[in-house]
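Reading through the structure tokens given below for one structure.
Numbering (my numbering), first residue to last: 4 to 756.
Rendered as structure tokens:
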């Protein structure tokens, strides 16, 4: 426990030392330019006071001109005459304006039968019209009016200037001067000196704190032009320069206190008193300068001591901050950086501008105030350092830096803005609507504060505000209908399509929802069909496999019969052999169909003559064709028709198609098989008349175990067309079925070389 309290006390002391040290160093860097000067008279503050005094002196004494002198110097240019004459338009326009101003007044006076008032208005009107007419007749008439205006402005300026005379008197008490005009030899001074020699005796290094002589290498002569102070005088407007070019030589000085300003029996009647602001600032600067040096040196020692403690003592490592890392990481990174910058800025201000340097009267008050400054600033510095350590720990973990950025408030705002403008037209429309709503709101507030603005606000409200509100409510209603519609869809209620109104984004959304609903319906139909076909597949597979298997089992049991006749035994064995081969064919076809469906089969392509391949397939079935009652009509090209195919697999396609024709064609009918070359494609057509009535859905004929003989009395497996279509699809070809009554037509298309 004692070690824990010792660690906390040492940490607190270290924070206070660092705070005081940084405050002193930063203060020295930011304010040392003033306090490291030799004396007060080299500072910017005194330079400003001296310039202010010279400005006042130039206006009130060195270059002072009476109002009468200024008025004598007034000039009027022809441009000013023309501007005054045409200020309110040409002659006809000005006369019409004046007539219009008095017309209602005269009519109102005549209506109440007040002839005297009407005559007064008429006289005023005629006088003004006559004055305007004279403006356009005589330049002298206009010039006199302009001169009068400028004289009034000069009088206003001098009345304003007198308001500054008291300030000049206050500033003047801090300086003594003896200046002589180089041109006229006129002397200006506030000393009781008869000549320049006496003035030099009064203004020497023993009697003054500061002296500036004119001319000098840096400033030359004291000149009255180019001074910043003119107290609002508009030289361009009045056409009369207030300050004339003059050059003065002499001295301006800051005297010591009156008791020390008397030397050799010479009196200084207007010398500065001990209460002069210049002297007050001078003594204040000396005191502050001493305190500032003490403060800076003490801060430097404190900083060195804190550095030594940090290096030598492990109890100041701020290890306890790591316990807060997990909690601090919950704050978004950019928010924590913003808080760090804000608190760091406050800390920097307090460190750079300590309050103790500005409010003090005695040394002990300065020390107390310095301690208060350190105690107040130390928590800010501790918080800044702690946050800096926590932020560095987060940034250094680069594996989590991307996640930190993703969770930051800035990233979320950017994503939100990006999402708002994902469809640029929607984002633009929303921004425009928000701006218009804001404008309507501001306009309403303005009308409430200034009712006379209603006439300006009403057109905006009628033309933009009300239509915009109607549009917003219309779109809200449309949006609510879409939401309610989607809610019904989620419950499985497929209601009639949404109305698609216009070409807005909501209309596009309604159209897309309608399309999705149609997709859902189609998907449901396909799902139902898939379930039905799956059930039929299982039923058909079970039936087709069970039939030969049952025969095999039955005749196997019969073979076990004692004293079975040899001819019966031979018959049973043949039946078992035939049914076993039938079962093998079914299983082989099922296995091959499964391989086709899974896409695991590989093709061995080579250049094959399709005409020859078809003829070979027909030759394999030559005996069956001869025994049947069918009449085949085969048409093939005279020239070979080559294609890059797997001959063995494609022969299987031809074999299945020809086998189906032989199984399912109506007896004593013709079968047409043709092949031709069309646009680099081989087109094979198989046409026959079926003995069984086919269903309406022809596409299901390609399903596995789907047979035209629904009673399943024939020897087919129901996989022939499914296998054939899979093989053709692997060759990037097409296999299509057409049915016209009992006419069954298969069209096979393959790419040729």
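Note that CB positions come from ideal geometry on N, CA and C, so glycine has one too.
Beta-carbon gap between residue i and residue j smaller than 8 Å
| i | j | result |
| --- | --- | --- |
| residue 135 | residue 98 | yes |
| residue 508 | residue 420 | no |
| residue 665 | residue 727 | no |
| residue 501 | residue 524 | no |
| residue 692 | residue 660 | no |
| residue 342 | residue 390 | yes |
| residue 20 | residue 301 | no |
| residue 154 | residue 254 | no |
| residue 251 | residue 308 | no |
| residue 109 | residue 121 | yes |
| residue 397 | residue 332 | yes |
| residue 212 | residue 202 | no |
| residue 690 | residue 746 | yes |
| residue 387 | residue 350 | yes |
| residue 224 | residue 185 | yes |
| residue 606 | residue 548 | no |
| residue 30 | residue 380 | no |
Range covered by the alpha helix (DSSP H) that runs through residue i
| i | result |
| --- | --- |
| residue 129 | 118-140 |
| residue 481 | 469-493 |
| residue 444 | 427-452 |
| residue 412 | 412-423 |
| residue 666 | 650-667 |
| residue 191 | Residue 191 -> not in any alpha helix (DSSP H); beta strand (DSSP E) instead, spanning 190-192. |
| residue 644 | It is not in any alpha helix (DSSP H) - residue 644 carries neither H nor E in the DSSP assignment. |
| residue 408 | 404-409 |
Cβ neighbours of residue i in the same chain (closer than 6 Å, five flanking residues each side left out)
| i | result |
| --- | --- |
| residue 457 | 450 |
| residue 295 | 38 |
| residue 634 | 673 |
| residue 40 | 46 |
| residue 209 | none |
| residue 63 | 171 |
| residue 716 | Note on residue 716: pLDDT 46, under 50, position unreliable in the model; no value is reported. |
| residue 750 | 688, 739 |
Integer Cβ distance of residue i from residue j, believed to fall under 8 Å
| i | j | result |
| --- | --- | --- |
| residue 676 | residue 637 | 5 Å |
| residue 504 | residue 481 | 7 Å |
| residue 383 | residue 256 | That belief does not hold up - the Cβ atoms of residue 383 and residue 256 are roughly 47 Å apart, past 8 Å. |
| residue 18 | residue 303 | The Cβ separation is near 17 Å, so there is no contact. |
| residue 730 | residue 652 | 5 Å |
| residue 464 | residue 443 | 7 Å |
| residue 355 | residue 61 | The Cβ separation is near 38 Å, so there is no contact. |
| residue 755 | residue 736 | With a Cβ gap of about 11 Å, residue 755 and residue 736 do not count as contacting. |
Beta strand (DSSP E) segment containing residue i, residue limits
| i | result |
| --- | --- |
| residue 687 | 684-692 |
| residue 45 | No beta strand (DSSP E) holds residue 45; DSSP gives it neither H nor E. |
| residue 612 | 609-612 |
| residue 754 | 746-754 |
| residue 606 | Careful: residue 606 lies outside any beta strand (DSSP E) and carries neither H nor E. |
| residue 637 | 634-638 |
| residue 211 | 211-217 |
Under the three-state DSSP convention, the category residue i falls into
| i | result |
| --- | --- |
| residue 167 | coil |
| residue 256 | strand |
| residue 734 | coil |
| residue 223 | strand |
| residue 696 | coil |
| residue 679 | strand |
| residue 91 | coil |
| residue 77 | coil |
| residue 296 | helix |
| residue 262 | Caution is warranted here: a pLDDT of 39 is assigned to residue 262, below 50, making its placement in the model unreliable, and no coordinate value can be reported. |
| residue 67 | coil |
| residue 11 | helix |
| residue 182 | strand |
| residue 274 | Low local confidence applies: a pLDDT of 41 at residue 274 is under 50, so the model's placement there is unreliable, and no value is given. |
| residue 740 | strand |
| residue 397 | helix |
Same chain, Cβ closer than 7 Å to residue i, neighbours up to 5 away in sequence not counted
| i | result |
| --- | --- |
| residue 150 | 77, 79 |
| residue 405 | none |
| residue 424 | 430 |
| residue 83 | 149 |
Own chain partners of residue i with C-beta closer than 8 Å, once the 5 adjacent residues on each side are dropped
| i | result |
| --- | --- |
| residue 262 | Annotation note: pLDDT 39 at residue 262 (below 50); position unreliable, coordinate value reported separately. Once the five neighbours on either side are set aside, residue 262 has no close Cβ partner at all. |
| residue 583 | 551, 555 |
| residue 520 | 492, 497, 500 |
Any non-hydrogen atom of the ligand PLP closer than 7 Å to residue i Cβ
| i | result |
| --- | --- |
| residue 744 | The ligand PLP is not part of this structure, which contains no ligands at all. |
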